[in-house]
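Peer 1: So in the numbering used here, spot 260 of the sequence shown is number 1000, and the numbers just go up one at a time.
Below you'll find the structure I mean.
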Amino acid sequence: MVRYLNALTATGLLAVAACQTAPEPHAGFLTSYEGLERKSGTIRASIRQRRDDAEAATLERVFIEPSLLVGDAAPHLKEGEQQAVLREIDRQICYEVSERFTVLSEAAPDAARIRAGVTRIDPTGTAGSAASAAVNYFIPGPLGVRVPGSTGGLAVETELLAPGSGRQVAALLWARNATAVGMDDPSLSRVGDALQFAEPLGDAVGDAFSPPDRKPRDIAKPDPCEGFGPRFNAGGMVAGGLVGMATGLYVPELDRARPAAAAPTEPAPAPR
């Protein structure tokens, strides 16, 4: 009887963990929303996309525009928190796109453009995350729980535009919310969930924009994404893993995009 109840409980937890995020309404960021189709087989994220395979196959060079906030996407976050999420999204998109296209550091007339707009960032509840981590300490296995009010989310609209004409070649609407039961680690950062979701977003962008027969390629040298910091941060991964095992918390400071360099200031005029 106990074994049956344990199995029933585990099944219920997995069912909750598998709940898919609801699709987002159109934010008006994309140049077109025609032809978008729901991607089948997704579990935790909501994905709607379209791609002109023939035209995507002709593209080789792309410029990734810095992502931006669309409308009132993150009203409860400070500017530094917003910028951290935007920077991490740019990093993860750059990583995945650079394995399929030649990424340029500047826009060019013969290069396609990738643009991304963040339409929603739901803050991670820090107090609830601390409570969740304490509870998860006593729960064996990979799944953990998140107490009410601790789960955050991220939603993004992004598209690939043809050089010259600016015609939409591919588009992706992506959204994901942390679940009450699952593998999304709680965090003491208010953008902890959004930062964690930037990586699967980048994966989805690479898959959505690349022609189906184009295989991942070796990373170019110099790395076109080096401005975001090391692509493989072994030290940060090890430190993050150790902290995660000890506390059950995701600590974004150990592995996230390097802050953007400040624009150089003009020297003050010499005194007369």
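From the three backbone atoms N, C-alpha and C, an ideal C-beta is built for every residue, glycine too.
1. What is the C-beta distance between Val-909 and Asp-792, in whole angstroms, given that I count them as a contact (C-beta under 8 angstroms)?
2. For Met-741, which residues from the same chain have a beta carbon less than 8 angstroms from its beta carbon, with the 5 sequence-adjacent residues on both sides left out?
3. So, with DSSP's three-state summary, where would you put Gly-904?
4. Any idea what DSSP makes of Ser-869, helix, strand or coil?
5. Under 8 angstroms between the Cβ atoms of Asp-862 and Gly-893?
6. Who are the near neighbours of Ala-871 in its chain, counting only those whose CB is closer than 8 angstroms to its CB and skipping five residues on each side?
7. Report the residue from Ser-780, Arg-971 and Gly-922 whose alpha carbon sits nearest the alpha carbon of Pro-880.
8. Going by DSSP, what residues sit across from Leu-808 in a beta bridge?
9. Leaving out the 5 sequence neighbours to the left and right, which residues in its chain are closer than 6 angstroms to Gly-865 when beta-carbon positions are compared?
10. Using the Cα positions of Tyr-773 and Trp-914, report the straight-line distance between them to the nearest angstrom.
11. When you compare each of Val-837, Phe-968 and Thr-987 to Ala-1001 by their alpha carbons, which one comes out closest?
12. Taking DSSP as the reference, what is the three-state secondary structure of Arg-996?
13. Is it buried or exposed for Val-978, if we count other Cβ within 10 angstroms and need 16 for buried?
14. Starting from Ile-787, follow its DSSP beta bridges and name the residues at the other end.
15. Quick check on Tyr-990: does DSSP put it in helix, strand or coil?
16. What's the gap between the Cα of Val-896 and the Cα of Pro-765?
17. Here's the rule: buried if 16 or more other CB atoms are within 10 angstroms of the residue's CB, otherwise exposed. What is Ala-762?
18. Any chance the stretch 960-967 sits against the stretch 927-936, with 3 or more Cβ pairs inside 8 angstroms?
19. Going by Cα to Cα distance, which pick from Glu-819, Phe-937 and Ala-851 is closest to Glu-805?
Peer 2: Inspection of the coordinates gives the following:
1. Stepping through the sequence shown from its first residue, residue 909 is reached at position 169. Stepping through the sequence shown from its first residue, residue 792 is reached at position 52. About 5 angstroms separates the Cβ atoms of Val-909 and Asp-792, confirming a contact at the 8 angstroms cut-off.
2. Counted from its first residue, the sequence shown places residue 741 at position 1. Legend: pLDDT at Met-741 = 33, less than 50; position of this residue unreliable, no value from coordinates given.
3. Here residue 904 corresponds to residue number 164 of the sequence shown, with the count starting at 1. Three-state DSSP puts Gly-904 in coil, outside helix and strand.
4. Here residue 869 is taken as the residue at index 129 of the sequence shown, counted from 1. Assigned with DSSP and collapsed to three states, Ser-869 falls in helix.
5. Working through the sequence shown from its first residue, we reach residue 862 at position 122. Working through the sequence shown from its first residue, we reach residue 893 at position 153. Contact: yes.
6. The sequence position of residue 871 within the sequence shown is 131, counting from 1. If we look at Ala-871 and ignore the five residues flanking it on each side, its Cβ neighbours are Val-887 and Ser-890.
7. Counted from its first residue, the sequence shown places residue 880 at position 140. Of the candidates Ser-780, Arg-971 and Gly-922, the one whose C-alpha sits nearest the C-alpha of Pro-880 is Gly-922.
8. Counting from one through the sequence shown, the residue named residue 808 turns up at place 68. Leu-808 is bridged to Gly-857.
9. Locating residue 865 in the sequence shown gives position 125, counting from the first residue. Excluding its 5 nearest sequence neighbours in each direction, Gly-865 has C-beta neighbours in its own chain below 6 angstroms: Gly-889 and Ser-890, listed in chain order.
10. Translated into the one-based positions of the sequence shown, residue 773 becomes position 33. Translated into the one-based positions of the sequence shown, residue 914 becomes position 174. Linking Tyr-773 to Trp-914 through their CA atoms gives a straight-line distance of about 13 angstroms.
11. If you number the sequence shown from 1, residue 1001 lands on position 261. Among Val-837, Phe-968 and Thr-987, the Cα nearest to that of Ala-1001 belongs to Phe-968.
12. Working through the sequence shown from its first residue, we reach residue 996 at position 256. In this structure, Arg-996 counts as coil in the three-state DSSP scheme.
13. Counting from 1 along the sequence shown, the entry for residue 978 is found at position 238. Below a pLDDT of 50, predicted positions are generally treated as unreliable, and Val-978, at 48, falls in that range; the measurement from the model is reported next regardless. A residue is called buried when at least 16 other Cβ atoms come within 10 angstroms of its Cβ; Val-978 does not meet this threshold and is exposed.
14. Residue numbering aside, residue 787 sits at position 47 when the sequence shown is read from its first letter. Partner residues in the beta bridge of Ile-787, as assigned by DSSP, are Trp-914.
15. In the sequence shown, the residue the question calls residue 990 occupies position 250. DSSP, reduced to helix, strand and coil, places Tyr-990 within a strand of the structure shown.
16. Working through the sequence shown from its first residue, we reach residue 896 at position 156. Working through the sequence shown from its first residue, we reach residue 765 at position 25. Cα to Cα, the separation comes out at about 11 angstroms.
17. Along the sequence shown, read from residue 1 onward, the residue named residue 762 stands at position 22. Looking at its Cβ environment, which holds fewer than 16 other Cβ atoms inside 10 Å, Ala-762 is exposed.
18. They do not touch, by the three-pair rule.
19. What you label residue 805 is simply residue 65 of the sequence shown in a count that begins at 1. Ranking Glu-819, Phe-937 and Ala-851 by Cα distance to Glu-805 puts Ala-851 first.
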